[in-house]
Every structure is written in structure tokens, then in C-alpha cells.
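Worksheet for the structure shown next.
Protein chains: 2
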Amino acid sequence: MATLQTITLIGSGNVATHLGRALLNKGFTINEVYSKSINNASLLALKLNATATDNIKQLNDKSDAYLICIKDGFIENIIKQFNLTDKIIAHTSGSVDMDLLGQFINHGILYPLQTFSKEVAINMDEVPFCVEANNAHAEHLLLELGKSLSKSVHRINSEQRKKIHLAAVFACNFSNYMYTISEDILNQNNIDFSILKPLIIETARKIKSNSPKSIQTGPAKRKDEAVIKNHIELLANAKDYQDIYKIITENIIKSN
Amino acid sequence: MATLQTITLIGSGNVATHLGRALLNKGFTINEVYSKSINNASLLALKLNATATDNIKQLNDKSDAYLICIKDGFIENIIKQFNLTDKIIAHTSGSVDMDLLGQFINHGILYPLQTFSKEVAINMDEVPFCVEANNAHAEHLLLELGKSLSKSVHRINSEQRKKIHLAAVFACNFSNYMYTISEDILNQNNIDFSILKPLIIETARKIKSNSPKSIQTGPAKRKDEAVIKNHIELLANAKDYQDIYKIITENIIKSN
Chain A
2 MATLQTITLI GSGNVATHLG RALLNKGFTI NEVYSKSINN ASLLALKLNA
52 TATDNIKQLN DKSDAYLICI KDGFIENIIK QFNLTDKIIA HTSGSVDMDL
102 LGQFINHGIL YPLQTFSKEV AINMDEVPFC VEANNAHAEH LLLELGKSLS
152 KSVHRINSEQ RKKIHLAAVF ACNFSNYMYT ISEDILNQNN IDFSILKPLI
202 IETARKIKSN SPKSIQTGPA KRKDEAVIKN HIELLANAKD YQDIYKIITE
252 NIIKSN
Chain B
2 MATLQTITLI GSGNVATHLG RALLNKGFTI NEVYSKSINN ASLLALKLNA
52 TATDNIKQLN DKSDAYLICI KDGFIENIIK QFNLTDKIIA HTSGSVDMDL
102 LGQFINHGIL YPLQTFSKEV AINMDEVPFC VEANNAHAEH LLLELGKSLS
152 KSVHRINSEQ RKKIHLAAVF ACNFSNYMYT ISEDILNQNN IDFSILKPLI
202 IETARKIKSN SPKSIQTGPA KRKDEAVIKN HIELLANAKD YQDIYKIITE
252 NIIKSN
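Line by line, the protein sequences are chains A and B. With the first sequence counted from 1, adding 1 to any position gets you the working numbering. With the second sequence counted from 1, adding 1 to any position gets you the working numbering.
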């Protein structure tokens, strides 16, 4: 069975950038990069030895696989504008149904469960990939593609993938927002955020070998009402943070 | 100037356990361990080559420093029951005023800014210690004690310490609760929590060299209303999580 060797990236954002780099490092050929902005397409294409286009209707058909790495809301409109039979067409989104790609004979999902920022290097080897496809041929090829990038490749259906994506919003986006609030509180009091960094790293590190529920600490866990009252007072001038403090504290107390 | 060499631990919980071990490793002598439970006192004392007591009124007076590592709410009552002049009396709490220790001639704070679980080993060397004291003598001795445990020792007054403690609740306790929610969502869908671990570790690791505000990602950051709506629907049977999802999402959108 053939493998996917030549890849087109549809998108030039964080996911396209990190996937593109990792694929190139693993010996894949990046054929073409599409972005609605020709500047962005060209910038990424240059790094990946690929050609650039902003014309989705004229994607060249020389790739084995076309990876759609654009914002969820734009996928439907983009795929209406091209049709490539015999190719593998996959998107990389955590929350978009596979069925959306139904017009393509061989289609699927290659969802990297990681947070990508352009400027932060990532060890792709450790990134879990969630793979789904509409037939055994496409599934085999996408699993192989995943395995050439990472040690952690999983067959995950669309329902499960949406739940994973939802869980990831809590685990990643919302915990990062908790860090943001803590940084803001320190900044407002002229304290360097770096004093919190070991705590943040350790809090995350602990879940490697412990269920987070089993290692919950803090005033809410202890139901320490004096401290909780004091914290709520300290947040009197930050109503939004106060509301978040209250609702999470109530939930931790309830789950005890 | 003398140094603190012989230490009494008042408390036998996570903080007392980790501090005791670290002090012993650095060559300090742990003289006595107090706990209201003689079993707990004895268990820890055994590990630290110390004697155990559950009688706070008869603490032996042979230590240079007495470190109070008990729940905030119990500190006031405990210190009423003993008085040791010429000793350094310090508590390790993030949120209790130093003034509470006013009855002691030399008193202060040695607050380790870290999350301690009994079963999880910690590199004390990297733990930031916040030190405050009521006079130069006590401050010098507590700073020295901190520096023998850690590379990261800071003079922090009570007002700042309370703000740091509040920020730490967001950064540590609340982010751990976000992990807990994500684990619960996955468990309910028979997906192993381990698939999220690289994401959690990476999300924390990123703040080593980035402001969390600058690296916020996710549907709220992108204001991706379709995904947000879908996530809220997925949480229809978990009203508490849904409320938390909504309030944090609203706040991320507002702060954009």
C-alpha cells in the first residue's frame, strides 16, 4: 500500500506551521501551502521549500494528502472550492465533524492534541494524534502519517474527539487563563510573575502520576472559610475575577 | 550571629513533612514534632529522627526555631498555648498575618510557595520562599534558613504575601481543578486521561518564557461561536461545568 509522501498544507497558522516543520524534518515533501493571504502562504512556503498560493480553486494536484489546518468556521467554505479525487483530504480540527468532508472519496481527521504557538518549539514526538477516516485505506494512510510524526497515535471517532476537545479547553485554555489571572494580580501589586512559575510547573507535573482529583489542594479543598472570605475581599475591585473565584471555589467544595 | 540549627515542627501535614525532610537532608536537626494526633506526630518524628508530642503546652525548649505548619485556622489557638522567649517562631502560611505571632519576641514567616502532596517528591531547591520577620535578627536567621533550603528566597511583606497566595490559588488550585474537570469529562466517555497529559505539561511549560496572556489559545480566544455553542450543549448534563465554561469563556472574550 502506498504511503503519503507529498503533502499540501491548507492554512498557514500555528498548526500548519508546526505540522509542516515536523513533516519536513521527517523527510516528507511539502508541495504547496495555501493561505487566503499570499504573504502568509509565501512566508511558510519559504520555510518548507514549498510553493505558495492564495487561490484555493487552483490547488495543484501533485500531493498525496491535503491537510486542512484553518479555523473551524472556514473549513466548510474552503472545501466547497476544490475537489481532488484519489487524494487523502484530512482536517486537523478537534471539533469539526468528519462528515463535513463527505465530498471527498478518501477523507479523515489528523487532530494533534497540543497547543501550538508559532514561536514555541514543540516535541512532536510526544504529541497525541487522534485519527479517524471514512474507509480503511484512508485510515491506514493517516495512521501511518501520524506514526511517522509521533509515538502517540490513537483511533478516535468524531464523538470522542469532540469530548477530548472540550476536555482540552478546560485542561489547556482555561488553566492558561488561570495563569493569566494570577499574573494580572501579581502585576497589579508589583510582584514579578516568575515567583509563581515553579508552582505552575509542579502543579502540572503532578498529574503525570496522580489523578488531579486526588491531589486537589487549597482553601476550597480545606473548606477554609476565613481564607476564602479574605480572598473574595481582596478581589473587591476585580469583579470578574471575584466571580470566577466564587464559582470554582463552590464547585471544589461541592465535589469534596 | 548564630544560625538556626535545631528545629521543632508544629504540625505533621504536607508542609511539615516536606520541610522536615528537606531540613534533615541539609544537615539540620529536627528536635521535636508536634501534632494533635500522637500517631501522626510519631510517624513523622520517626522519619526525622525526632521526638513526638501531642502536648503543645510541654513543647521542649531545645530548638532554635519553631516552625508552625498547621492549617491557618488553628494557628491562633495553638500559639496561645506556648511561649518560648529567645526562640524564632515562624509560620509557613500564605495568608495569615505576621502580627498574629506578636506575643513572641522574635517571629516571622517562612512561606514556601509550592504545592505539597505527601506522596510526591519535590525539589526544594527550586521552591520560592517568602520571608518576613518582626526584627532584623529574626529576618536574618529566617533568610539564612530559607537560603539553606532553596535558591529562591524573597523578602515579602504580609500584604504582598496575601496577594501571592491569592494568585497561587488561581495558578495552582484552580488550574488543577480545570484538570479535574477534563479528567471527569474523559472518564465519562471512557477515554484515558493520559491522552491529555502532554497538553497539560506543555501548557504549563510555555509560561516559563511567555506571558500567559500572550499565548492564550482556544475557541474563546478566537471567539469561535460555533464551537463555544457546541461545547455548552455537550455540557447540558453537567450544569456546574457548563457554568464554569460560560464564565471563563466570557472573560477570555472580554479580555481580548
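Note that beta-carbon positions come from the ideal geometry of N, C-alpha and C, so glycine has one too. Source: prediction; values computed, not measured.
Check, Outcome
"Going along chain C in order, which residues have a C-beta closer than 7 Å to the C-beta of A:Phe175?", "In the displayed structure, chain C is absent; the protein chains listed are A and B."
"For B:Lys240, count neighbouring Cβ atoms within 10 angstroms of its own Cβ and tell me buried if that reaches 16, exposed if not.", "exposed"
"Could you check if B:Asp204 is buried or exposed, using at least 16 other CB atoms within 10 Å of its CB as the buried criterion?", "A quick correction: the sequence has Thr, not Asp, at residue 204 of chain B. Buried, because 16 or more other Cβ atoms sit within 10 Å of the Cβ of B:Thr204."
"Checking the sheet assignment: what are the DSSP bridge partners for B:Val34?", "B:Leu10 and B:Ala53"
"Can you tell me whether B:Cys70 is helix, strand or coil according to DSSP?", "coil"
"What did DSSP end up calling B:Asn107 once you bin it into helix, strand or coil?", "strand"
"Could you tell me which of B:Lys164, B:Ile192, B:Ala169 and B:Glu133 sits nearest to A:Glu234, measuring between CA atoms?", "B:Lys164"
"Quick check: what's the CA-CA separation for B:Met2 versus B:Leu20?", "Low confidence applies to B:Met2: its pLDDT is 49, below 50, so where it sits in the model is not reliable, and the reading given next is rough at best. Rounded to the nearest angstrom, the two C-alpha atoms are 23 Å apart."
"Indicate whether at least one CB of chain B lies closer than 8 Å to the CB of A:Asn238.", "no"
"I'd like to know whether the C-beta atoms of A:Ser96 and B:Val228 end up nearer to each other than 8 Å.", "yes"
"Can the beta-carbon of A:Asp126 be found closer than 8 Å to that of A:Lys152?", "yes"
"Quick one: using the 10 Å Cβ neighbour count with 16 as the cut-off for buried, is B:Asp12 buried or exposed?", "Looking at the sequence provided, one finds Gly at residue 12 of chain B rather than Asp. So B:Gly12 ends up on the buried side."
"Output yes or no for whether 8 Å exceeds the beta carbon distance between B:Phe171 and B:Glu184.", "no"
"Using alpha carbons as the reference points, say which of B:Asn191, B:Asn177 and B:Ser159 lies closest to A:Asn190.", "B:Ser159"
"So, does the stretch 86–102 of chain B touch the stretch 47–65 of chain B, judging by three or more C-beta pairs under 8 Å?", "yes"
"Can you tell me which of the three DSSP states A:Phe29 falls into?", "coil"
"Of all the CB atoms in chain B, is at least one closer than 8 Å to the CB of A:Arg156?", "no"
"Which residues in the same chain have their Cβ closer than 7 Å to the Cβ of A:Thr7, if we skip the five residues on either side of it in sequence?", "Thr30, Asn32, Lys63, Ser64 and Asp65"
"Mapping DSSP to helix, strand and coil, what is A:Met2?", "Note on A:Met2: pLDDT 49, under 50, position unreliable in the model; the coordinate value appears next. Three-state DSSP puts A:Met2 in coil, outside helix and strand."
"Would you say A:Gln82 lies against chain B (beta-carbon separation less than 8 Å)?", "no"
"Answer yes or no: do A:Ile110 and A:Val128 have a C-beta to C-beta separation smaller than 8 Å?", "no"
"Who are A:Cys131's beta bridge partners in DSSP?", "A:Tyr112 and A:His155"
"For B:Ile148, would you say it is in contact with chain A, using Cβ-to-Cβ distances shorter than 8 Å as the test?", "A quick correction: the sequence has Lys, not Ile, at residue 148 of chain B. It does not: the Cβ of B:Lys148 has no partner Cβ on chain A nearer than 8 Å."
"Drop a sphere of 10 angstroms on the beta-carbon of A:Asn177, count the other beta-carbons inside from all chains shown, and report buried for 16 or more, exposed for fewer.", "buried"
"Using the Cα positions of A:Ser210 and B:Ala122, report the straight-line distance between them to the nearest angstrom.", "12 Å"
"Taking all protein chains shown into account, do 16 or more other C-beta atoms lie within 10 angstroms of the C-beta of B:Arg156, making it buried, or fewer, making it exposed?", "exposed"
"For the 8 Å Cβ check, are there 3 or more pairs between the stretch 42–59 of chain B and the stretch 244–256 of chain A?", "no"
"Using alpha carbons as the reference points, say which of A:Gly14, A:Leu5 and A:Asp244 lies closest to B:Arg223.", "A:Gly14"
"Quick one: Cα of B:Phe175 to Cα of A:Phe83, how far?", "45 Å"
"To the nearest angstrom, report how far apart A:Gly103 and A:Ile208 are at their CA atoms.", "39 Å"
"Considering Cα atoms alone, identify which of B:Ala42, B:Ser43, B:Gln161 and B:Asn40 is closest to B:Met99.", "B:Gln161"
"Give a yes or no on whether the minimum CB-CB distance between A:Met2 and chain B is below 8 Å.", "Low confidence applies here, because A:Met2 scores a pLDDT of 49, under 50, leaving its location unreliable and the question unanswered by this model."
"Taking 8 Å as the cut-off, decide whether the C-beta atoms of B:Thr18 and A:Thr218 are in contact.", "no"
"Quick one: grab the DSSP three-state call for A:Ala122.", "coil"
"Could you work out which residue in A:Ala51, A:Ala221, A:Asn124 and A:Ile201 is closest to B:Lys72 when comparing CA atoms only?", "A:Ala221"
"In terms of DSSP beta bridges, what is A:Ala91 paired with?", "A:Leu68 and A:Gly109"
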